[in-house]
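One structure below.
There are 2 protein chains.
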Amino acid sequence: MLYLVGLGLGDAADITVKGLRAVQRCSRVYLEEYTSVLTVGKEALEEFYGKSLILADRELVEQRCDEILENADVSDVAFLVVGDPFGATTHSDLVLRAVHAGIPYTVIHNASIINAVGCCGLQLYNFGETVSMVFWTETWKPESFYDKISKNRRGGLHTLCLLDIKMKEQNIENMMRGKKIYEPPRFMTVPQAANQLLQIIQRRREEGEELGLTEDTVCVGVARLGSEEQVIRTAKLCQLESCDLGPPLHSLVVTGRLHPLEVDMLKTNAEPGALENLEMIDSSTYVS
Amino acid sequence: MLYLVGLGLGDAADITVKGLRAVQRCSRVYLEEYTSVLTVGKEALEEFYGKSLILADRELVEQRCDEILENADVSDVAFLVVGDPFGATTHSDLVLRAVHAGIPYTVIHNASIINAVGCCGLQLYNFGETVSMVFWTETWKPESFYDKISKNRRGGLHTLCLLDIKMKEQNIENMMRGKKIYEPPRFMTVPQAANQLLQIIQRRREEGEELGLTEDTVCVGVARLGSEEQVIRTAKLCQLESCDLGPPLHSLVVTGRLHPLEVDMLKTNAEPGALENLEMIDSSTYVS
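Top to bottom, those sequences are chains E and U. Taking numbering that gives the first Met the number 0, the leading residue of the first sequence gets 0, the next gets one more, and so forth. Taking numbering that gives the first Met the number 0, the leading residue of the second sequence gets 0, the next gets one more, and so forth.
So this is what it looks like as structure tokens:
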């Protein structure tokens, strides 16, 4: 049996009882380490589970996943994923390979940022399409996430922005030389994400475009959601550019139409002025 | 401390280790029982947790929540919610009352249908706004969910449809007489949901409306997601009307644009013919 086990979002104790039992009966346990991270590392998980973990980077999962599936038809193998196994990313490919090899699989779900973000007080059924924001480079500055956020806002919907994670990056020199030497991991912060959005807004304003969001749009920065060190901060987009939310992982929510109960929840963690000057657009909702 | 603890979706063992520890140290433990249900009842949870549970119906949570919060500033109280505490519904009001009473609170997240539905093989970031479908009555047949599904589909997005749950309903006679006698709980099934959608499609076709979805739209019916008795069935909408998925809870997904990898995943549980005649709309996506 292949077990795909979600680890939740905080630390080792966020695994479910069902997940922990599965891990403890497996002969091999892989920890997927390239799409997300917990606030604790491999060693803390090994101690908590009482099992050794094999780190699974993108190359192992995407190029050599036969190793993961080896003997999984006759023994139990676990594949651990931060959040939910089918959360912010997908491991459909691994599942399909298991299916085609005749290996049964079981998914043990857990919280994902996709649903846990509801704790900021915004209603999950008022979210539109989720977007991913990538680190810009000198030569590659995609803006498609901005257009999706604008579209969601025009429909009155909030947008969860998942922020880029770079694990095992090679610099150009090492890549050219074929050296497997990697840069330190990088995690996009809320201020970095806010900065990229503000640059797009400025550029498009100069081009005379009608803006779907502005410097004054109410946003929510979340960091280490679900852990004891969780931070949630509601602020105007321009305020978030200078909001230090601490270590990773960070996510950003751009709000759409706000229900008064949502505003009340946001007030519990809002920067001064963040929720001023909201425009009442009908008797029951506000926009920024 | 007020703990809001998500129970996940399947049975007693889907609670997280952190959640179980919190429950076991609380002096009172409430089980919210009106927005969702597990595949096991109160007694199975009590045995697993080693604690007595107090059932919390809508009236207790919405009208008498001071009882829940009583002494929570000096002792520990847990409020258990199937799925995630901020998942398909919201308990913002309870949280706000705690905040205003100076009671600290902690959220212990878990899987929700909102993220767990990803296990059917559809990518979560391709979902648009989530909708709720209510039981129609003789005199009240709302169709707003149809319009949201259509809008999502026009944007290429999938739609998660949460299906109605009726707990502690009174019939009109008992309501008029003020008798607190309740009907048995009702849970909307996938065939019932499909039937309501098909009625809307037929009516709107007769009115000459351009349809956002049809009898042939590919849908996914899910039942008891995350439990050992989970069923996932991919079928055309008209096929789902006669698909018995067994006991509750059910949810329905109406697909939008399909990526080939999504199609491959859906094939693993598709009814005959369900994925035939998909139209290729660009080199990488299909629609039904």
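Glycine included, C-beta positions come from ideal geometry on N, C-alpha and C.
Per DSSP, reduced to three states, the secondary structure at residue 31 of chain E is strand.
When 7 Å is used as the limit between beta carbons, residue 115 of chain U is near these residues of chain E: 83, 108, in chain order. Residue burial is scored here from C-beta neighbours: residue 107 of chain U has at least 16 other C-beta atoms within 10 angstroms and is therefore classed as buried.
In this structure, residue 264 of chain U places its C-beta atom within 9 Å of the C-beta atom of residue 91 of chain E.
Within the same chain, Cβ atoms closer than 8 Å to the Cβ of residue 135 of chain E are found at 141, 195, the five residues on either side in sequence being excluded.
Under a criterion of Cβ atoms nearer than 8 Å, the residues of chain U adjacent to residue 12 of chain E are, in order, 15, 16, 17, 20.
In terms of CA proximity to residue 285 of chain E, E:152 leads the group E:223, E:267, E:231, E:152. Segment contact: the region 58–75 of chain U against the region 5–15 of chain U, fewer than three CB-CB distances shorter than 8 Å; contact not assigned. Interface residue (Cβ-Cβ distance to chain U less than 9 Å): residue 220 of chain E is not classified as such. Against chain E, a Cβ distance below 7 Å from residue 122 of chain U picks out 89.
Taking one beta carbon from each stretch, the region 162–170 of chain E and the region 150–166 of chain U have fewer than 3 pairs nearer than 8 Å; the two do not touch. Contact of residue 41 of chain E with chain U is not assigned, every C-beta pair being separated by 9 Å or more.
The DSSP assignment places complete alpha helix (DSSP H) segments of no fewer than 4 residues inside the region 109–160 of chain U at 112–115, 143–153, in order along the chain. For the 9 Å CB-CB criterion, residue 110 of chain U and residue 18 of chain U do not form a contact. Below the 7 Å Cβ cutoff, chain U contributes no neighbours of residue 37 of chain E, its closest Cβ being approximately 12 Å away.
By the C-beta density criterion, residue 191 of chain E is buried, having at least 16 other C-beta atoms within 10 angstroms. For the set U:70, U:36, U:42, U:50, the Cα lying nearest the Cα of residue 56 of chain U is the one of U:36. The DSSP-derived three-state label of residue 220 of chain U is strand. Residue 132 of chain U is classed as buried because its beta carbon has at least 16 other beta carbons within 10 Å across all chains shown. Contact check for residue 233 of chain E against residue 119 of chain E passes: the beta carbons are separated by less than 9 Å. Under the DSSP assignment, residue 90 of chain U falls outside any alpha helix (DSSP H); it carries neither an H nor an E label.
Residue 106 of chain E carries a strand assignment under DSSP once its states are collapsed to helix, strand and coil. In the three-state DSSP reduction, residue 36 of chain U falls in the coil class, being neither helix nor strand. Of the residues assessed, residue 178 of chain E falls on the exposed side of the cut-off, its CB having fewer than 16 other CB atoms within 10 angstroms. Within the region 219–286 of chain U, the complete alpha helix (DSSP H) runs of at least 4 residues fall at 236–239, 259–266.
Distance check between residue 211 of chain U and each of U:46, U:154, U:81 places U:154 closest, using alpha-carbon atoms only. Think of a sphere of 8 Å around the beta carbon of residue 80 of chain E: no beta carbon from chain U falls inside it, the nearest being about 11 Å out.
Measuring C-alpha to C-alpha distances from residue 73 of chain U to each of U:3, U:101, U:84, U:39 identifies U:101 as the nearest. For residue 7 of chain U, no beta strand (DSSP E) segment is defined, and its DSSP state is neither H nor E. If you draw a 10 Å sphere on the C-beta of residue 83 of chain E, you find 16 or more other C-beta atoms in it, and that means buried. Shown here, residue 180 of chain E sits in coil according to DSSP, grouped into three states, outside any helix or strand.
By the neighbour-count definition (other C-beta atoms within 10 Å, threshold 16), residue 40 of chain E is an exposed residue. Contacts with chain E at 9 Å (Cβ-Cβ) include residue 98 of chain U.
Identification of residues in the region 242–266 of chain U having a C-beta nearer than 7 Å to some C-beta of chain E yields 260, 263, 264, given in sequence order. Excluding sequence positions up to five before and after residue 53 of chain U, its CB lies within less than 8 Å of the CB of 27, 28, 29, 30, all in the same chain and listed in chain order.
If you compare the alpha carbons of U:193, U:267, U:273 with that of residue 104 of chain E, the shortest gap goes to U:267.
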